[in-house]
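Peer 1: In the working numbering, the protein residues as written are 376 to 1011. Can you keep this structure in mind? I'll have questions shortly.
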């Protein structure tokens, strides 16, 4: 889990985006590590020589452009130290000679360093500021101190450093000595870095970069030198590298012993069409049970994460993207996060739905919970909810993992259960993505947190659910288009956009074909809120007018299984549904799952939005607080 926090200025910060860490317990071999490092540190980073050449050629438009390149270069130059080692200066006389868990970097001098860095300094002085000259000059002082005093050539740094014994046996080996080392040299604390605030989001991110990079060498860098180990004197101060944790050390030892094993990904079989199509389930007048929606309640996250918040937390692995560009690409301007556990917001929505339906615990025959972000396995979240709600026994309490198709999957299973038990089913859908995203930019741009609950009961009168359909699978590339945990992305949720777009297009084409044969007069389309830009592009190709589609993604982001029911409630709150309306609600997503529900929704079915948040923050109970009010209350 990688939770967010609010700093002393009430700004949202993501520590995992700032302090680079890798889970070495999931990295199987050196090739996998190098691939991760190449993607996160190397692909976008220029060498020091390239920066000097660009500066001399006048390739930089503003000071910020140059500053960003320097920052990228310094992260690349520290790529293995950042994720694998802690540094400890020590007098040479005290350095242990025979330990296998103490390392020293063997470095090659960066030829022409003085001339190259001088050209960068000169170029910077001639460039215009991008946003704030004073702030950018402060950043230059921090970054250029690291850059101009970087003594070594960074291109061929090995991930596994030499032990002292190995270094002493290597011909011509050199490492860093620190001169007059001051152990109290200023460094930035974790809170210093998290509490950074700047009016310009991009500069705030860059300031955090510069502070993290400064802490990589917390000493007077101008006094540092490269010195051959054979010339070391007892009082010389060298920098020793210690593995950050036992998983790093175990990884190093496996590599040295040659006992690592490359993971072999199985080759998928070719995808083939089913022998015959799966028809949708149509509930008609002759059905013995007519499903009735008695209540819908939603609980959104109490903390707003704006696009500016995403930008101000940019790690070095992200390509630059402004807040407006995020909105243009996704249709999202803000997403909602919660500091509460996933189960808690699910329980709040469930209680409100039962209250709105006027149902007691003794009446509920089944509890279904749909989510792809639950870390609870035993007991399942559905059984936990049953216990919390005081339900002594159900016919079925079970979790369903159908990701962004959680709503159609949950409704379809509810309808099947109604036929068995002829008692109300409590369907709960909830997601908490905010602590599972880390440094995966597409995921951070898209996903939010939220919960919803419905009470679906048997009726002999007018039905509210008319058609249900579910799908799953496809080409393996689409099945694996969204992954969590993803060991190649430090266990973060990752999204592979082209494959997601392909599965959405495939399912929407299939849905439109089925829908045309049902002869229903749909009033409004409320789809899974995946990506407004993508959905609009695909549906317009189907001849669907964007004005017939309801979106709330700009304000809440993508809440996966909870996305459709939250959008249904918001359509009522916004007046898009102001009378009993026939709704087409399609969903699709991770695992190449899909499905849809055609339902009748009346505004009276929808409970007021659940606004309970942190107990110590009563001002968060206001349904539509401003961003500043919410953040201030949360911080307090």
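All residues carry an ideal CB built from backbone N, CA and C; glycine is no exception.
Determine the contact status of residue 596 and residue 520, defining contact as a CB-CB distance below 9 angstroms.
Peer 2: yes
Peer 1: From this set, 793, 470, 688, 807, which residue's C-alpha is nearest residue 713's C-alpha?
Peer 2: 807
Peer 1: Between residue 488 and residue 819, what straight-line distance do the alpha-carbon atoms span, to the nearest angstrom?
Peer 2: 38 angstroms
Peer 1: Going by DSSP, name the residue or residues bridged to residue 380.
Peer 2: 388
Peer 1: When burial is assigned at 16 or more other CB atoms within 10 Å of the CB, is residue 640 buried or exposed?
Peer 2: Answer is exposed; the Cβ neighbour count stays below 16.
Peer 1: Could you tell me the boundaries of the alpha helix (DSSP H) in which residue 585 lies?
Peer 2: 576-589
Peer 1: First and last residue of the alpha helix (DSSP H) that includes residue 1087?
Peer 2: An answer regarding residue 1087 cannot be provided, because it is not within the stretch 376 to 1011 covered by the chain.
Peer 1: Would you check if the segment 605-616 and the segment 456-468 touch, i.e. whether three or more CB-CB distances between them fall below 8 angstroms?
Peer 2: yes
Peer 1: May I ask you to list the residues that DSSP assigns as paired with residue 875?
Peer 2: Paired residue(s): none; residue 875 is not in a bridge.
Peer 1: Buried or exposed, going by whether 16 or more other CB atoms sit within 10 Å of the CB of residue 653?
Peer 2: Here residue 653 is exposed. Its C-beta has fewer than 16 other C-beta atoms within 10 Å.
Peer 1: What does a CB cutoff of less than 8 angstroms around residue 446 pick up in its chain, not counting 5 residues either side in sequence?
Peer 2: 518, 581, 584, 585, 588, 691
Peer 1: Using C-beta distances below 7 angstroms, list every residue in its chain close to residue 458, excluding the 5 sequence neighbours before and after it, in chain order.
Peer 2: 395, 396, 397
Peer 1: Report the rounded CA-to-CA distance for residue 671 versus residue 646, giving the unit in angstroms.
Peer 2: Using only the alpha carbons, I get a separation of about 38 angstroms.
Peer 1: Looking only at its chain, what residues have a beta carbon closer than 7 angstroms to the beta carbon of residue 760, apart from the 5 residues adjacent to it on each side?
Peer 2: 721, 722, 725, 742, 744, 803
Peer 1: Consult DSSP for residue 509 and reduce its assignment to one of helix, strand or coil.
Peer 2: Here residue 509 sits in helix by DSSP.
Peer 1: Report all residues from its chain with a CB closer than 8 angstroms to the CB of residue 798; omit the five preceding and five following residues, and keep chain order.
Peer 2: Within the same chain, residue 798 has close Cβ partners 738, 739, 740, 741, 770, 832, 833.
Peer 1: In terms of residues, what are the limits of the alpha helix (DSSP H) holding residue 819?
Peer 2: Looking at the DSSP string, the run of the alpha helix (DSSP H) that includes residue 819 is 816-821.
Peer 1: What are the start and end residues of the beta strand (DSSP E) that includes residue 970?
Peer 2: 968-976
Peer 1: Can you tell me whether residue 420 is buried or exposed? The criterion is at least 16 other CB atoms within 10 Å of its CB, across all chains shown.
Peer 2: buried
Peer 1: Does DSSP classify residue 829 as helix, strand or coil?
Peer 2: strand
Peer 1: Examine chain C for any beta-carbon lying closer than 9 angstroms to the beta-carbon of residue 884, and answer yes or no.
Peer 2: Absent from the structure: chain C. Only one protein chain is present.
Peer 1: Since residue 486 contacts residue 438 with CB under 8 angstroms, what's their CB separation in whole angstroms?
Peer 2: The Cβ separation is near 27 angstroms, so there is no contact.
Peer 1: From the DSSP output, in three-state form, read off residue 990 for me.
Peer 2: Note on residue 990: pLDDT 33, under 50, position unreliable in the model; no value is reported.
Peer 1: Please state the DSSP three-state secondary structure of residue 1012.
Peer 2: In the structure as shown, the chain begins at 376 and stops at 1011. Residue 1012 is therefore absent and cannot be evaluated.
Peer 1: Out of curiosity, what's the CA-to-CA distance linking residue 755 and residue 967?
Peer 2: Here the alpha carbon of residue 755 sits roughly 23 angstroms from the alpha carbon of residue 967.
Peer 1: So, using beta-carbon positions, are residue 688 and residue 388 closer together than 9 angstroms?
Peer 2: yes
Peer 1: List the residues that DSSP assigns as beta-bridge partners of residue 461.
Peer 2: In the DSSP assignment, residue 461 is bridged to 617.
Peer 1: Pull up the distance between the alpha-carbon of residue 727 and that of residue 674, whole angstroms please.
Peer 2: 9 angstroms
Peer 1: Going by Cα to Cα distance, which pick from 912, 786, 949 is closest to residue 845?
Peer 2: Cα-wise, what sits closest to residue 845 is 786.
Peer 1: Among 665, 854, 707, 916, which has the Cα closest to the Cα of residue 779?
Peer 2: Comparing alpha-carbon positions, the option among 665, 854, 707, 916 lying closest to residue 779 turns out to be 854.
Peer 1: Rounded to a whole number of angstroms, what is the C-alpha to C-alpha distance between residue 963 and residue 718?
Peer 2: 23 angstroms
Peer 1: Return the CA-CA distance between residue 352 and residue 824, expressed in angstroms with no decimal places.
Peer 2: No statement about residue 352 is possible, as the shown extent of the chain runs from 376 to 1011 and does not include it.
Peer 1: Taking residue 857 and residue 937 to be in contact with their CB atoms under 8 angstroms, please state how far apart those CB atoms are, rounded to whole angstroms.
Peer 2: Actually they do not touch by this definition, with Cβ atoms about 16 angstroms apart.
Peer 1: First and last residue of the alpha helix (DSSP H) that includes residue 792?
Peer 2: 781-796
Peer 1: Starting from residue 869, trace the alpha helix (DSSP H) both ways and give me its first and last residue.
Peer 2: For residue 869, there is no enclosing alpha helix (DSSP H); the residue is found in the beta strand (DSSP E) stretching over 867-870.
Peer 1: Less than 8 angstroms between the CB atoms is what I'm expecting for residue 554 and residue 598, so what's the real figure, rounded?
Peer 2: 3 angstroms
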